[in-house]
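Visitor:
Numbering (our numbering), first residue to last: 2 to 331.
1) I need the boundaries of the beta strand (DSSP E) containing residue 291, first residue and last residue.
2) Just to confirm before moving on: does the CB-CB distance between residue 103 and residue 230 stay below 8 Å?
3) From this set, 211, 149, 173, which residue's C-alpha is nearest residue 301's C-alpha?
4) What does the alpha-carbon distance come out to for the pair residue 61 and residue 316?
5) Using CA atoms only, rank isn't needed, just tell me which of 220, 274, 203, 88 is closest to residue 237.
6) Once the 5 residues before and after residue 65 are set aside, which same chain residues still bring their CB inside 8 Å of it?
7) In its own chain, which residues sit with a C-beta less than 8 Å from the C-beta of residue 39, not counting the 5 before and 5 after it?
8) Do residue 303 and residue 177 have their CB atoms nearer than 8 Å?
9) Pairing CB atoms from the region 131-138 with CB atoms from the region 107-121, are three or more of them under 8 Å?
10) In angstroms with no decimal places, state the Cα-to-Cα distance between residue 1 and residue 168.
11) May I ask you to report which of helix, strand or coil DSSP gives residue 175?
12) Quick one: using the 10 Å Cβ neighbour count with 16 as the cut-off for buried, is residue 200 buried or exposed?
13) Mark residue 219 as exposed unless 16 or more other C-beta atoms lie within 10 angstroms of its C-beta, in which case mark it buried.
14) Are there three or more Cβ pairs, one per stretch, closer than 8 Å when the region 204-211 is compared with the region 245-263?
15) Can you tell me which of 82, 101, 154, 164 puts its alpha carbon nearest to the alpha carbon of residue 244?
16) Identify, in the order they occur along the chain, each residue of the same chain with its Cβ nearer than 6 Å to the Cβ of residue 323, setting aside the five sequence neighbours on each side.
17) Can you check the region 49-120 for any beta strand (DSSP E) of at least 3 residues that lies completely inside it and give the ranges in chain order?
18) How would you call residue 271, buried or exposed, if buried means at least 16 neighbouring beta carbons within 10 angstroms?
19) When DSSP labels each residue in this structure, what does residue 296 get in the three-state scheme?
20) In chain order, what are the residue ranges of uninterrupted beta strand (DSSP E) at least 3 long that sit wholly in the region 123-198?
21) Where DSSP assigns a beta bridge to residue 317, which residues make up the other side?
22) Near residue 1, what residues of its chain come up, given a Cβ to Cβ distance below 7 Å and the 5 sequence neighbours on each side ignored?
23) Just checking my contact of residue 161 with residue 242 at CB under 8 Å: how many whole Å lie between their CB atoms?
24) Apart from the five residues just before and just after residue 280, which ones in its own chain have a Cβ nearer than 6 Å to its Cβ?
25) In this structure, how does DSSP classify residue 234 when only helix, strand and coil are distinguished?
26) Quick one: what's got a C-beta closer than 7 Å to residue 22's C-beta in the same chain, skipping five residues either side?
27) At the level of alpha carbons, what is the spacing between residue 233 and residue 226?
28) Is the beta carbon of residue 63 sitting closer than 8 Å to the one on residue 136?
29) I need the boundaries of the alpha helix (DSSP H) containing residue 280, first residue and last residue.
30) Judging by CA-CA distance, which residue of 187, 29, 174 is the nearest neighbour of residue 70?
31) So residue 266 and residue 224 are in contact, right, with Cβ under 8 Å, and what is the actual spacing, rounded?
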């Protein structure tokens, strides 16, 4: 099932009510909230990761739990407004810095292989389970995986091999998934980066993004500009690992069994939306697709982000109600 939000319309599927139908009014956006707790935890190989925990004040108000994966060159602290939205909707939230980002261990912009990110994800799910059990006891609640950009690529890569995610996983939310760059890398640069990725994987390459390609909200752009926990480099090893992960996801999207929500920025100048549509069309599992015309890359930070938040919360309501969206038909 594929729909566009370009005309302020959502999927006709009952799993995706339109944001303006009054299902949940989140306008204006609530702003960031402080985490209830922060923590450090170890990945499988001992790398120290940093996490932030958010939860409703009353344990009996917790309806589900969401694990948030940030995008490349940023950190989990940029998702505190999203966490606020989710907490208001009754969800506990764990976000964390992947290695090489924010307050986590590791060379900025470097991974030995994409398996590093998958190991971090598995460790984070363990922390999420521990926190949820401490909060609600043995009561079963739905677990949802949510990623943005590279975080969405990590989520998709994990969904292809269910051993990387807990059972059961109720749904996954994919914001602006990084499945290909909008602006193609020149063949010469690509060849150099791939060669360096094999023989000089820790080589750092400048990778600054035009900030105006992230959001149309001046306040959000200024927050990003002064954020010292963000970085602007990519290693050749990271480049190679991401290329391999993107190819694997494109070839195996049909193997994904978990229901998914796709929140795609139609005006994205960073990721290739055309490739996003191609990969989405290969899904066989239930899914809902929203494309927001004119939105820049960071839908959760756009001026009209309340529309994205409304789509997200409406979808999660249906996940908890057991409403399954229609299989992809394209």
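The beta carbon of each residue, even a glycine, is placed where N, CA and C say it ideally should be.
Guide: Answer, in terms of the structure:
1) Start and end: 288-293.
2) Closer than 8 Å, so yes.
3) Its Cα nearest to that of residue 301, the residue 149 stands out among 211, 149, 173.
4) A direct Cα-to-Cα measurement between residue 61 and residue 316 gives close to 21 Å.
5) Among 220, 274, 203, 88, the Cα nearest to that of residue 237 is on 203.
6) Shown here for residue 65: same chain residues with a beta carbon closer than 8 Å to its own, the five before and five after excluded, namely 91, 92, 93, 142, 143, 144, 145, 171, 317, 320, 321 in chain order.
7) Counting only Cβ-Cβ distances below 8 Å, and skipping sequence neighbours, we find 51, 52, 53, 54.
8) Using a Cβ distance threshold of 8 Å, residue 303 and residue 177 do not count as a contacting pair.
9) Result no; under three Cβ-Cβ pairs closer than 8 Å.
10) For residue 1 there is no data in the structure shown, the boundaries of the chain being 2 and 331.
11) Shown here, residue 175 sits in a strand according to DSSP, grouped into three states.
12) Counting the other CB atoms within 10 Å of its CB gives residue 200 a total below 16, which places it among the exposed residues.
13) Residue burial is scored here from C-beta neighbours: residue 219 has fewer than 16 other C-beta atoms within 10 angstroms and is therefore classed as exposed.
14) A contact between stretches requires three or more CB pairs, one per stretch, nearer than 8 Å, and the region 204-211 fails this requirement with the region 245-263.
15) For the set 82, 101, 154, 164, the Cα lying nearest the Cα of residue 244 is the one of 154.
16) The beta carbon of residue 323 lies closer than 6 Å to none in the same chain, with the five residues before and after it left out.
17) Those beta strand (DSSP E) runs which fall completely within the region 49-120 and span 3+ residues are 49-55, 65-70, 92-98.
18) Residue 271 should be labelled buried.
19) Shown here, residue 296 sits in coil according to DSSP, grouped into three states, outside any helix or strand.
20) If you keep only unbroken beta strand (DSSP E) runs of at least 3 residues inside the region 123-198, you get 143-149, 172-176.
21) Under DSSP, residue 317 forms no beta bridge with any residue.
22) Given that the chain is displayed from residue 2 to residue 331, the structure contains no residue 1 and the question cannot be resolved.
23) Actually they are not in contact, since the Cβ atoms of residue 161 and residue 242 sit about 15 Å apart, beyond 8 Å.
24) If we look at residue 280 and ignore the five residues flanking it on each side, its Cβ neighbours are 180, 251, 254.
25) Three-state result, residue 234: strand.
26) For residue 22, the pLDDT reaches just 37, beneath the cut-off of 50, and the residue's location in the model is therefore unreliable, leaving the point undetermined.
27) Looking at the two C-alpha atoms, the distance is approximately 11 Å.
28) In contact: residue 63 and residue 136 (Cβ atoms closer than 8 Å).
29) Its alpha helix (DSSP H) spans residues 274-282.
30) Shortest Cα-Cα distance from residue 70 to any of 187, 29, 174 involves 174.
31) 18 Å between Cβ atoms; not a contact.
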